[in-house]
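Read through the structure below, which is laid out as C-alpha cells, and then see the notes.
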Amino acid sequence: MLSRQPGRPDNAPRYAAPEPYPSIQVCGPNKKYAQMLKIDLACPQSELTAVTQYVYQSWQLDPKLSQVSNTMRHVAMVEMHHLDMLGQLIVLLGGNPTFSCRQQGRQIIWDGGMVTYCHDSLAQMMKENIAAEEFAIETYQRQIKCIDDPNIVAILQRIILDEKVHLEIFHQYLAEAQC
Numbered sequence: 001m002l003s004r005q006p007g008r009p010d011n012a013p014r015y016a017a018p019e020p021y022p023s024i025q026v027c028g029p030n031k032k033y034a035q036m037l038k039i040d041l042a043c044p045q046s047e048l049t050a051v052t053q054y055v056y057q058s059w060q061l062d063p064k065l066s067q068v069s070n071t072m073r074h075v076a077m078v079e080m081h082h083l084d085m086l087g088q089l090i091v092l093l094g095g096n097p098t099f100s101c102r103q104q105g106r107q108i109i110w111d112g113g114m115v116t117y118c119h120d121s122l123a124q125m126m127k128e129n130i131a132a133e134e135f136a137i138e139t140y141q142r143q144i145k146c147i148d149d150p151n152i153v154a155i156l157q158r159i160i161l162d163e164k165v166h167l168e169i170f171h172q173y174l175a176e177a178q179c
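Those letters in the sequence shown? Residues 1 to 179, per UniProt numbering, in order.
Next comes the structure, spelled out in C-alpha cells:
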C-alpha cells in the first residue's frame, strides 16, 4: 500500500514526503558547494536524469498500465521540484546551474543517453529506479557530511525523504510485477 498524505482522501497516493520544504537559502557564496550540487543537478545519476527517465517510463507504460504511468508522471514532478531547488541553491552559492558537471576531472554535458531506456519489463524499470534512488540517497548523505551550511543540509535531508517515498513506491510496483 502506498503511503498517504495528511489532508488527502485515504485512497489518494502520496508521491512526496508530507514534511514542508525548507526555504531556499544559503549562509553565503561557496563555489565548492555549488560544484558539489551540480553533480545532483545534471550528471548521469542526477535529478535531471530522474525527471527524464520517469517521464519516458510514463509514456512507455501508458495506456497498458495507466495507474503506474500516472504515478511515474507524479514522481517525475517531485524530482523536477528537486531539480529546481538545486538550481536555485547553485545560483545562491555563486555557481552556474548548467546541465553539466565535472566528473573525474572532466566536464560532462548532460544528454538523453544518460537515461535508461528500459521498456520491455515493469520489473526491470523498477529495479533501475530503485538503484537510482538508492544511489541518490547515498550521494546526498555523503554530501551532508561535507557541507557546513545548515540551510543546504536541511534541503538535502528533505529531498532524501522524498527519495525514500519513491523507493517505497518502486518496491511496491516491483513486488506486484514479480507476482
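Note that the Cβ used here is the ideal one computed from N, Cα and C, for glycine as well. This structure is a prediction, so every number in the text was calculated from the model and none was measured.
Proximal residues to Thr71 (C-beta, below 6 angstroms), its chain only, five neighbours per side dropped
As a first step, residue 71 must be located in the sequence shown, where it is residue number 71. In the same chain as Thr71, and ignoring 5 residues on each side of it, no C-beta atom comes closer than 6 angstroms to its own.
In whole angstroms, what is the alpha-carbon distance linking Gln107 and Ala34?
Taking the sequence shown and counting its residues from 1, the one referred to as residue 107 is at position 107. Taking the sequence shown and counting its residues from 1, the one referred to as residue 34 is at position 34. If you take the alpha carbons of Gln107 and Ala34, they lie about 15 angstroms apart.
Comparing C-alpha positions only, which one of Asp40, Glu168, Leu65 sits nearest to Asn129?
The residue labelled residue 129 in the question sits at position 129 within the sequence shown. It is Glu168.
Are three or more beta carbon pairs between the region 80 to 97 and the region 24 to 31 nearer than 8 angstroms?
Flag = yes, the region 80 to 97 and the region 24 to 31 touch.
Buried versus exposed call for Glu138 [16 or more other C-beta atoms within 10 Å across all chains shown]
Looking up residue 138 in the sequence shown gives position 138. Residue burial is scored here from C-beta neighbours: Glu138 has fewer than 16 other C-beta atoms within 10 angstroms and is therefore classed as exposed.
Tell me which same chain residues have a C-beta within less than 6 angstroms of the C-beta of Glu79, skipping the five on either side of it?
As a position in the sequence shown, residue 79 is number 79, starting the count at 1. Only Glu47, Ala50, Val51 meet the Cβ criterion.
Identity of the residue in Cys101, Met126, Thr98 nearest Ser69 by Cα
Taking the sequence shown and counting its residues from 1, the one referred to as residue 69 is at position 69. Proximity to Ser69 across Cys101, Met126, Thr98 peaks at Met126, based on C-alpha coordinates.
For the region 90 to 103 and the region 159 to 168, state whether three or more C-beta atom pairs, one from each stretch, are separated by less than 8 angstroms.
Short answer: they don't touch.
Which of the three DSSP states is assigned to Ser100 in this structure?
As a position in the sequence shown, residue 100 is number 100, starting the count at 1. Collapsing the DSSP output to three states places Ser100 in a strand.
Residue burial classification, Ile160 (beta-carbon count within 10 angstroms, cutoff 16):
For this step, residue 160 is matched to residue 160 along the sequence shown. Here Ile160 is buried. Its C-beta has 16 or more other C-beta atoms within 10 Å.
Can you give the Cα-Cα distance for Gln5 and Pro13, rounded to whole angstroms?
Sequence index remark: in the sequence shown, residue 5 carries index 5 (1-based). Sequence index remark: in the sequence shown, residue 13 carries index 13 (1-based). Because Gln5 carries a pLDDT of 41, less than 50, the predicted location of this residue cannot be relied on, and no value is offered for it.
So what does DSSP say about Arg14, is it helix, strand or coil?
For the purposes of this step, residue 14 is identified with residue 14 of the sequence shown, where counting begins at 1. Judged by DSSP in its simplified three-state form, Arg14 adopts coil rather than helix or strand.
So who's on the other strand from Arg106, going by DSSP bridges?
The count along the sequence shown starts at 1 and reaches residue 106 at position 106. Within the DSSP bridge table, the entry for Arg106 names Gln103 as partners.
Where the alpha helix (DSSP H) through Val51 begins and ends
Here residue 51 corresponds to residue number 51 of the sequence shown, with the count starting at 1. In the DSSP assignment, Val51 falls within the alpha helix (DSSP H) that extends over 47 to 61.
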